[in-house]
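Under the working numbering, the sequence shown has 10 at position 10, and the numbering climbs by one with no breaks.
The beta-carbon is built from N, C-alpha and C at its ideal position, and this holds for glycine as well.
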Amino acid sequence: MDNRKIGSFVISAIIGIFVLVLIFNSIGTIDAGERGIKTRFGAIKGTVPQGLYFKLPFIEKVHKMDVKTRTINYDRGGDDGDLKQTDTNLFGASKDLQDVAIGVVVNYHINPEKVQSIFAQYSSVENYQANVIEPVIRELVKSTSAKYTAEELVTKRAEFSDKVNTLLNEQFI
């Protein structure tokens with residue numbers, strides 16, 4: 001082979017690889033239970049539903065956000081009676097100023113129609129959960145427990161649970 005044929009083969013191979021990279025970088029999928037947020041040079045351009053999507057390679061990006069049901073679980077702390085606040089437990093005070101350890105399980109999901117605004121403000125579901133959902137849960141549970149005596153928190157557990165559930169629904173729906 002002469003140098004021209006080798007040179008044209010190398011150039012053709014480079015162009016072919018570049019075209020393949022462009023094609024593979026312009027196609028993607030959003031899985032079930034996810035939504036995508038398309039950005040162009042960092043600016044939000046819209047949402048992408050589940051399924052196959054196309055984007056401009058190297059110009060647009062699609063960020064995936066999970067909209068499946070998530071669970072936040074607060075336990076009642078250790079069995080040693082030591083009431084130390086951590087990320088996984090929740091403590092409050094009753095109406096009669098007794099310290100109470102409260103076990104709470106909250107199931108939630110992100111409204112698929114709100115993923116764009118959540119992404120714009122928090123950039124991920126994890127940040128939204130840590131900065132919005134968890135503080136609201138903690139505050140509502142603590143403020144609601146303060147309306148019951150320690151005895152009532154035990155005897156009226158269902159009422160307490162319903163009240164917290166109603167307040168959470170009002171806050172987030």
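Span of the beta strand (DSSP E), counted from its first residue to its last, around residue i
i           : result
residue 60  : 60-66
residue 113 : Per DSSP, residue 113 belongs to no beta strand (DSSP E) and is neither H nor E.
residue 47  : 43-48
residue 90  : 90-93
residue 52  : 51-54
Reference residue i, options the options, closest by Cα
i           : options              : result
residue 25  : 55, 135 and 8        : 55
residue 139 : 92, 117 and 12       : 92
residue 120 : 164, 152, 165 and 45 : 45
residue 113 : 19, 18 and 49        : 49
residue 70  : 19, 126 and 30       : 126
residue 58  : 89, 72, 51 and 19    : 19
residue 110 : 145, 155, 64 and 147 : 64
residue 135 : 148, 123, 172 and 60 : 172
DSSP three-state assignment for residue i, whether helix, strand or coil
i           : result
residue 3   : helix
residue 173 : coil
residue 148 : coil
residue 75  : strand
residue 32  : coil
residue 25  : coil
residue 99  : strand
residue 156 : coil
residue 183 : The displayed coordinates of the chain run from 1 to 173. Any statement about residue 183 would go beyond what the structure contains.
residue 16  : helix
residue 81  : Confidence at residue 81 is low in this model, with a pLDDT of 49, below 50, so its placement is unreliable and the value that follows should be read with caution. Correct three-state label for residue 81: coil.
Beta-carbon spacing of residue i, residue j below 7 Å
i           : j           : result
residue 42  : residue 62  : no
residue 158 : residue 94  : no
residue 128 : residue 118 : yes
residue 167 : residue 160 : no
residue 103 : residue 66  : no
residue 141 : residue 164 : yes
residue 68  : residue 33  : yes
residue 47  : residue 132 : no
residue 143 : residue 100 : no
Limits of the alpha helix (DSSP H) - the one that residue i falls within
i           : result
residue 125 : 125-128
Closer than 7 Å to chain C by CB, residue i
i           : result
residue 136 : Annotation note: the requested chain C is absent from the structure, which comprises a single protein chain.
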